[in-house]
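Student: Protein chains in written order, with the numbering used here: chain A, 1 to 173; chain B, 1 to 173.
Every residue, glycine too, gets a C-beta built ideally from N, C-alpha and C.
The structure is given below, and queries will be raised subsequently.
There are 2 protein chains.
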Amino acid sequence: MAERGTRPRPEPDDIETTGSPADGEVWLGMLGDFIGFHLRLAQEASYQAFFQRIARDEGLEGLNIKPGHLTFMALIAENPGITQTALSRGCGRDKSSLTPMVEDFVRRGYVKKRRLLNDRRSYALTLTPAGEELSRTLSAHARAHDDELDRIVGIDAKPELIRLLRRIKMSLG
Amino acid sequence: MAERGTRPRPEPDDIETTGSPADGEVWLGMLGDFIGFHLRLAQEASYQAFFQRIARDEGLEGLNIKPGHLTFMALIAENPGITQTALSRGCGRDKSSLTPMVEDFVRRGYVKKRRLLNDRRSYALTLTPAGEELSRTLSAHARAHDDELDRIVGIDAKPELIRLLRRIKMSLG
DNA sequence: GCAAGATAGTTTGACTCCCTACTGTTGGGA
DNA sequence: TCCCAACAGTAGGGAGTCAAACTATCTTGC
């Protein structure tokens, strides 16, 4: 019974006089000490920067390529014949999220989906030549993006950063 | 002949024999060296762990509280009278994403929304006593979650990790 | 063999998010 | 005074995600 009509808002409440409080900067409080909080902001910033970088490539115009597609393509390239479930684990996404993406990329001719004879539940995914080409393009962008991250982080700090991030994933995942 | 019922899918392509390829472990290739890739996996793992932690709290049963709500509540608590736009910046989300959440929390009696007299475009958000209580609960969970992250990362490495994450956000955002 | 449970992939539904366009308000010039 | 650009917040649409239920297939134990 979600009354979601045209005017369901519970009234903007009352009117009251208040000087603009903390309008310029936001005080984080304890959030500023939380690894999880900064993880999210950094990941979001990285995602957006990579997204913008891809969007700038005229060769990818209209293909609607997103950062998530890099992982998708790169993992198929590195693991020819990978199954969708294994791919979903590698991508860190639910397997049901991959279904539309696989279907889309098969239709566009980047990915080939072959049924296995010895286990007819599974499909083996491989890249077509066009898919290899697209994968190379995305990988080049990814490398450029990560070079930028390397500069920001500093090349000495990078191994330690990756070690810590992997540790978080391993310990919690 | 196995008439496989209705088949709206664009044909699973062809059948081919292939031994199970890399089904156990997935080879990451160059992805394994990318900061952005590990950032996403670590962030997702942290999100899921925090989500599970909240879900375990019987006091929050049925409230449908998610990790994002912590940031939302904590920032209002730390910045009483904050506007929705400032809050959206702090949360790292588009302001239009906050509209349903604000509406929801106002209706549930956790947040108070007052119109400003000196600028009738804005609303000042504050927590109700119930909101303060909820915020304290969420903050306690967040602290426990981040204590776990501290243990994983190691307390010596934490300042450096946060410094690097902030640097990424600042440089790219 | 054959039933029971596991597994691969798909479907569906709910949810969250962003983006774009829109309304109402403010404030600064012609 | 009157415009009009800038701003706060909302509405609507579309994309992407997960979780649960479902189908088809494989495996195991009897």
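#1: Residues of chain A with a CB under 9 angstroms from the CB of Gly62/B: which are they?
#2: DSSP on Tyr110/B, reduced to helix/strand/coil?
#3: Here's a check: name, in chain order, each residue in its chain whose Cβ is nearer than 6 angstroms to the Cβ of Tyr47/A, leaving out the five neighbours to either side.
#4: For Leu39/A, tell me which candidate among Gly92/B, Leu138/B, Ser139/B has the shortest Cα-Cα distance.
#5: In angstroms with no decimal places, state the Cα-to-Cα distance between Lys169/B and Arg114/B.
#6: For Phe109/A, which of Asp94/A, Arg89/A, Thr128/A has the nearest alpha-carbon?
#7: With DSSP collapsed to three states, give me the class of Asp23/A.
#8: Tell me, to the nearest whole angstrom, how far the beta carbon of Gly173/B is from that of His145/A; I am working on the premise that it is less than 8 angstroms.
#9: Against chain A, does His145/B count as a neighbour if the rule is that its beta carbon must be under 8 angstroms from one of theirs?
#10: What residues match up with Ile82/A in a beta bridge as DSSP calls it?
#11: Which chain B residues sit within Cβ distance under 7 angstroms of Glu44/A?
#12: Taking Cβ-Cβ distances shorter than 8 angstroms, what residues in chain B pair up with Arg167/A?
#13: With the cut-off set at 8 angstroms, would you say Leu164/A and Val153/B are in Cβ contact?
#14: Using the C-alpha atoms, what's the distance from Asp119/B back to Pro21/A?
#15: Which stretch, first to last residue, makes up the alpha helix (DSSP H) that contains Gly173/B?
#16: How far does the alpha helix (DSSP H) with Gly36/A in it extend, from its first residue to its last?
Tutor: A quick look at the data gives this:
#1: On the second sequence, residue 62/B is found 62 positions in, with the first residue counted as 1. Ordered by position in chain A, no residue passes the 9 angstroms Cβ test against Gly62/B, which lies about 15 angstroms from the chain.
#2: Here the question's residue 110/B lines up with position 110 in the second sequence. Residue state, collapsed to three classes: coil.
#3: Taking the first residue of the first sequence as position 1, residue 47/A is located at position 47. Cβ within range, chain order: Pro67.
#4: What you label residue 39/A is simply residue 39 of the first sequence in a count that begins at 1. Leu39/A has its Cα closest to that of Gly92/B, out of Gly92/B, Leu138/B, Ser139/B.
#5: Mapped onto the second sequence, residue 169/B falls at position 169. Mapped onto the second sequence, residue 114/B falls at position 114. Approximately 32 angstroms between the Cα atoms of the pair.
#6: Position 109 of the first sequence, counting from 1, holds the residue named residue 109/A. Per the sequence shown, residue 109/A should be read as Gly rather than Phe. Among Asp94/A, Arg89/A, Thr128/A, the Cα nearest to that of Gly109/A belongs to Thr128/A.
#7: In the first sequence, counting from the first residue as 1, residue 23/A sits at position 23. With a pLDDT of 45 at Asp23/A, under the threshold of 50, the predicted position of this residue should be treated as unreliable, though the coordinate-derived value follows. Looking at Asp23/A - three-state DSSP - the assignment turns out to be coil, as it is neither helix nor strand.
#8: Counting from 1 along the second sequence, the entry for residue 173/B is found at position 173. Counting from 1 along the first sequence, the entry for residue 145/A is found at position 145. Wrong, their Cβ atoms sit about 15 angstroms apart, outside the cutoff.
#9: Translated into the one-based positions of the second sequence, residue 145/B becomes position 145. Chain A, which has a Cβ nearer than 8 angstroms to the Cβ of His145/B, makes this yes.
#10: Stepping through the first sequence from its first residue, residue 82/A is reached at position 82. Leu125/A.
#11: Indexing the first sequence from 1 puts residue 44/A at position 44. Those within 7 angstroms of Glu44/A in chain B are Gly92.
#12: As a working note, residue 167/A is residue 167 in the first sequence. By Cβ distance, chain B contributes Ile152, Val153.
#13: Residue numbering aside, residue 164/A sits at position 164 when the first sequence is read from its first letter. Residue numbering aside, residue 153/B sits at position 153 when the second sequence is read from its first letter. Yes, the pair counts as a contact, with Cβ atoms nearer than the cut-off.
#14: Within the first sequence, the letter at position 21 stands for residue 21/A. Within the second sequence, the letter at position 119 stands for residue 119/B. Below a pLDDT of 50, predicted positions are generally treated as unreliable, and Pro21/A, at 43, falls in that range; the measurement from the model is reported next regardless. Pro21/A and Asp119/B: Cα-Cα distance of roughly 12 angstroms.
#15: Here residue 173/B refers to the residue found at position 173 of the second sequence. No alpha helix (DSSP H) contains Gly173/B, which DSSP labels as neither H nor E.
#16: By one-based count along the first sequence, residue 36/A stands at place 36. First-last of the alpha helix (DSSP H) with Gly36/A: 35-56.
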